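Residue numbers (the UniProt record's numbering), protein chains in the order written: chain L, 1 to 198; chain G, 1 to 198.
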């Protein structure tokens, strides 16, 4: 059924995701992935040098599904405050939708990401970097006054963790979550607007 | 050894904590607590109507150990911004110290609190209420301008979750955590200082 001459990294990652969904991160093996593709595990190892490398690639692709669509928001031409609101609402909305639609897969991916520390650290830097771009644009446009957009981007991401960090997923069904997010974001945007008193 | 005539709720809670430390929340029973005290489980039930009631009382007392010392900070005579900084640093510091000194007990208590939803909700309201007091004092002193100190108190607590919410305990050993907290708090305080543009 499968065409082994066309065994791409992408097809392996698709199969690995499916295996992960079925067995969970603790039990899934490279052999399971190879079996799902109808190839030898050697064929998989030609693309991914180790189980850890495959696991990291799966985590990376999953996290990119969150961060990539946000680039468009981060680089749009809207006023910076409006962009920030939309960016943070989309990040939170994407995570909450993923957690709601397939809670088990979400928990599995979260577990997988937790053991791929470098991948998560990189993901968080990408997100904070996008926020820094918005802040820097706001400074350039005279909307915001902050001395270091990189520090501000990181602070914005951390201050909104409750609304996008998977560790909080049990709280995401609480009523009033969108109001809570709006209140936090409004306070943060007011903070960016303030001239530092240093 | 034990004086059953003096079986107080406090002594039962002490014993329950010890049992919880030893067996974890899933395995600990009321009978274990009674045995540790050398009394019948009926004697325990005279103070706590059910296992759930005992569990909630343990969680409540644990959380009060975090919130009670903060009252003094919330009601001190320092300028509001300084008080906020100290209050948030103390909350984060207390949680981090607890998690570091006895990680297993901390994880057990966190698990216990999670199944005592009303207790946690009440604890969070107490904390947000203390923050609201600081914000309201800052407004009265002309330091802050916010339309609703209650909303601001809640937002301040949520925006700093990464630094005090037990779900983030795995991240608390990361280097630079105090700098991160300082950056988030500085941004939030600047937000309070801003006049709303509504």
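Even glycine gets a Cβ: it sits at the ideal position worked out from N, Cα and C.
Please read all numbers here as calculations on a predicted model, not as lab measurements.
Beta-carbon separation of residue 139 (chain L) and residue 145 (chain L) under 8 Å?
Locating residue 139 (chain L) in the first chain gives position 139, counting from the first residue. Locating residue 145 (chain L) in the first chain gives position 145, counting from the first residue. Contact: yes.
Please go through the same chain and pick out, in chain order, the residues whose beta-carbon is closer than 6 Å to the beta-carbon of residue 21 (chain G), but skip the five residues on each side of it.
For the purposes of this step, residue 21 (chain G) is taken as the residue at position 21 of the second chain. Counting only Cβ-Cβ distances below 6 Å, and skipping sequence neighbours, we find 105.
Would you identify the three-state DSSP class for residue 184 (chain L), choosing helix, strand or coil?
Within the first chain, residue 184 (chain L) is the residue found at index 184, counting from 1. Helix, per DSSP.
Which runs of the alpha helix (DSSP H), 4 residues or longer, sit entirely within the stretch 139-179 of chain G?
149-159
Report the rounded CA-to-CA distance for residue 168 (chain G) versus residue 6 (chain L), giving the unit in angstroms.
In the second chain, counting from the first residue as 1, residue 168 (chain G) sits at position 168. In the first chain, counting from the first residue as 1, residue 6 (chain L) sits at position 6. For residue 168 (chain G) and residue 6 (chain L), the distance between alpha carbons rounds to 42 Å.
Taking 8 Å as the cut-off, decide whether the C-beta atoms of residue 88 (chain L) and residue 127 (chain L) are in contact.
In the first chain, residue 88 (chain L) corresponds to position 88, counting from 1. In the first chain, residue 127 (chain L) corresponds to position 127, counting from 1. Cβ distance not < 8 Å, so residue 88 (chain L) and residue 127 (chain L) don't count as in contact.
Nearest-angstrom beta carbon gap, residue 63 (chain G) and residue 123 (chain G) [assumed within contact, 8 Å]
Counting from one through the second chain, the residue named residue 123 (chain G) turns up at place 123. Counting from one through the second chain, the residue named residue 63 (chain G) turns up at place 63. Yes, residue 123 (chain G) and residue 63 (chain G) are in contact; Cβ-Cβ is about 4 Å, under 8 Å.
List the whole-angstrom C-beta distance separating residue 36 (chain G) from residue 19 (chain G), where the pair is believed to meet the contact cut-off of C-beta under 8 Å.
Sequence index remark: in the second chain, residue 36 (chain G) carries index 36 (1-based). Sequence index remark: in the second chain, residue 19 (chain G) carries index 19 (1-based). Their Cβ separation, rounded to whole angstroms, is 6 Å, which keeps residue 36 (chain G) and residue 19 (chain G) in contact under 8 Å.
Backbone CA spacing between residue 148 (chain L) and residue 178 (chain G) [nearest angstrom]
Against the first chain, residue 148 (chain L) aligns to sequence position 148. Against the second chain, residue 178 (chain G) aligns to sequence position 178. Each residue's alpha carbon lies about 17 Å from the other.
Going by beta-carbon coordinates alone, are residue 84 (chain G) and residue 189 (chain G) separated by less than 8 Å?
If you number the second chain from 1, residue 84 (chain G) lands on position 84. If you number the second chain from 1, residue 189 (chain G) lands on position 189. Taking 8 Å as the Cβ cut-off, residue 84 (chain G) and residue 189 (chain G) qualify as a contacting pair.
Going by DSSP in three states, residue 114 (chain G) sits in which element: helix, strand or coil?
On the second chain, residue 114 (chain G) is found 114 positions in, with the first residue counted as 1. Residue state, collapsed to three classes: helix.
Taking the C-alpha atoms as reference points, what is the distance between residue 2 (chain G) and residue 38 (chain G)?
For this step, residue 2 (chain G) is matched to residue 2 along the second chain. For this step, residue 38 (chain G) is matched to residue 38 along the second chain. The pLDDT assigned to residue 2 (chain G) is 49, lower than 50, so where the model puts this residue is not dependable, and the model offers no usable value.
Looking at the structure shown, is residue 78 (chain L) part of a helix, part of a strand, or coil, going by DSSP?
Start at 1 with the first residue of the first chain, and residue 78 (chain L) comes out as number 78. It is coil, neither helix nor strand.
At least one CB of chain G closer than 8 Å to the CB of residue 129 (chain L): is that the case?
Taking the first residue of the first chain as 1, we reach residue 129 (chain L) at position 129. Not closer than 8 Å to any Cβ of chain G, the Cβ of residue 129 (chain L) fails to qualify, so no.
Classify residue 160 (chain L) as buried or exposed, calling it buried when 16 or more other Cβ atoms lie within 10 Å of its own Cβ.
Here residue 160 (chain L) refers to the residue found at position 160 of the first chain. When all chains shown are included, residue 160 (chain L) counts as buried.
Indicate, with yes or no, if the ligand ATP has a heavy atom lying under 7 Å from the CB of residue 70 (chain L).
Among the components of this structure there are no ligands whatsoever, and the ligand ATP is therefore not found.
Taking only beta-carbon atoms, is residue 178 (chain L) less than 8 Å away from chain G?
Position 178 of the first chain, counted from the first residue, corresponds to residue 178 (chain L). By this cut-off, residue 178 (chain L) is not an interface position.
Please compile the residues from chain L whose C-beta is within a distance smaller than 8 Å of the C-beta of residue 153 (chain G).
Reading the second chain from its first residue, position 153 is the one you call residue 153 (chain G). Residues of chain L passing the Cβ test: none, with the nearest at roughly 10 Å.
Start-to-end residues for the alpha helix (DSSP H) that takes in residue 20 (chain L)
Numbered from 1 along the first chain, position 20 holds the residue referred to as residue 20 (chain L). 9-23 is the span of the alpha helix (DSSP H), which, as asked, contains residue 20 (chain L).
Spatial neighbours of residue 246 (chain G) within its chain, please: CB distance less than 8 Å, with the 5 preceding and 5 following residues excluded, ordered by chain position.
Nothing in the structure corresponds to residue 246 (chain G), since chain G is present only between 1 and 198.
According to DSSP, simplified to helix, strand and coil, what is residue 39 (chain G)?
Along the second chain, one-based indexing puts residue 39 (chain G) at 39. Three-state result, residue 39 (chain G): coil.
If I'm right that residue 119 (chain L) touches residue 56 (chain L) with Cβ under 8 Å, what's the distance once you round it to whole angstroms?
The residue given as residue 119 (chain L) occupies position 119 in the first chain. The residue given as residue 56 (chain L) occupies position 56 in the first chain. Contact flag correct, Cβ pair sits at about 5 Å.
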